[in-house]
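Numbering (the working numbering), first residue to last: 1046 to 1350.
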């Protein structure tokens, strides 16, 4: 039986393209970015069951993600650069992706259980010329996967031996065997295949039971899948464009869902998104939503660099 869960608006702000939510366990805060305008946001519990936005850092560049750093501050991924951002707003370079920024830009990022940073890029012309990269704590960059079109969600199984990955243009969620010691991938296979009209797979997270939660942009919901691909639950939101999701809160039992405002790119129509799901213009579009799904997930793994 497929379970339908309820969500509510946690932060009303009308962000252009809210993305990459992640829970900072040390700071006890939710972090996310507005990808298009280059702002890092945080929200904290208001102590009464709600959430309030706190600080924001305007970096004035495309931002894919902002992730806690074990040495303090945040590591921020955007365009073709990885920078370190301190709490006061100062930034310094950390690493650079050897790619043409006129053709690709980094689009999503997360740290593996060992604290290495993984960042995927999108091809601005939606051809297979982007890649998935691993950035080690010493700043070295390794291309892990090539022939990528639109790199989005990524996460690891609770035991750290399976890597889940979304290239949105494939309409699948893929799994790889993951080598924790070397940070290598092998044995790619699809575990979920979406039907045209379901929406486009975007950001994802894995819960403590090993199930996958994926935001379907242009589908208006987040879905929970078993590791074998069985659909278990759905979380509708009040706008067609959820972008990503992450567990957080002190108990890890809140599922936060980011969303976009405005019209989706026309490539979404080629991927089967319905015309009536292309526009995100309602009063809650671009907000951050929250759900208590009855399961929990881990906080963001801090970057070890």
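No residue lacks a Cβ here, since even glycine has one placed at the ideal position from N, Cα and C.
Here DSSP, grouped into helix, strand and coil, assigns residue 1295 to coil.
Residue 1049 sits in a strand when the DSSP states are folded into three classes.
The count of Cβ pairs closer than 8 Å, one atom from the region 1086–1101 and one from the region 1121–1130, stays below three, leaving the stretches out of contact. In the DSSP assignment, residue 1314 falls within the unbroken alpha helix (DSSP H) covering 1312–1315.
As computed with DSSP, residue 1237 is found in a beta bridge with 1218. In the DSSP assignment, residue 1266 falls within the beta strand (DSSP E) that extends over 1266–1270. If you draw a straight line from the Cα of residue 1247 to the Cα of residue 1288, it is about 6 Å long. For the pair of segments examined, the region 1220–1227 was found to touch the region 1195–1206: the number of CB pairs separated by less than 8 Å reaches three. Per the Cβ contact rule, the region 1165–1182 is in contact with the region 1192–1203 (3 or more Cβ pairs under 8 Å). Secondary structure at residue 1224: strand, using DSSP grouped into helix, strand and coil. In this structure residue 1182 is in contact with residue 1161, their Cβ atoms being roughly 7 Å apart against a cut-off of 8 Å. Residue 1202: not part of any beta strand (DSSP E); DSSP gives it neither H nor E. For residue 1170, the secondary structure class from DSSP, reduced to helix, strand or coil, is coil. Per the coordinates, the alpha-carbon of residue 1198 lies some 22 Å from the alpha-carbon of residue 1054. A contact between stretches requires three or more CB pairs, one per stretch, nearer than 8 Å, and the region 1301–1316 fails this requirement with the region 1098–1114.
Counting along the chain, residue 1155 sits inside the beta strand (DSSP E) bounded by residues 1149–1156. Taken in chain order, the whole beta strand (DSSP E) runs of length 3 or more contained in the region 1079–1146 are 1084–1090, 1096–1103, 1110–1113, 1119–1123, 1126–1130, 1136–1141. By the C-beta density criterion, residue 1114 is buried, having at least 16 other C-beta atoms within 10 angstroms.
Annotation for residue 1100: 1087 place their beta carbon closer than 7 Å to its own, counting only its chain and skipping 5 residues before and after.
Within the model, the alpha-carbon separation for residue 1349 versus residue 1133 is close to 20 Å. Linking residue 1299 to residue 1153 through their CA atoms gives a straight-line distance of about 21 Å.
By the Cβ rule, the region 1328–1335 does not count as touching the region 1127–1144, because fewer than three pairs are nearer than 8 Å.
Annotated three-state conformation of residue 1212 is strand, per DSSP. Short of 7 Å from the beta carbon of residue 1250, and not among the five residues preceding or following it, lie these beta carbons of its own chain, in chain order: 1200, 1258, 1290, 1291, 1292, 1342. Two segments are said to touch when three or more pairs of C-beta atoms, one from each, lie closer than 8 Å; by this definition the region 1060–1078 does not touch the region 1263–1272. With respect to the 8 Å criterion, residue 1052 and residue 1256 are not classified as neighbours on the basis of their beta carbons. Minimum Cα-Cα distance from residue 1260 among the listed residues 1211, 1215, 1253, 1241 corresponds to 1211.
The shortest CA-to-CA distance from residue 1049 to any of 1334, 1279, 1303, 1295 is the one to 1279. For residue 1056, the beta-bridge partners assigned by DSSP are 1333.
The C-alpha of residue 1254 lies about 34 Å from the C-alpha of residue 1324. Annotation: the continuous beta strand (DSSP E) that includes residue 1069 extends over 1063–1069. The C-alpha of residue 1239 is placed about 15 Å away from the C-alpha of residue 1272.
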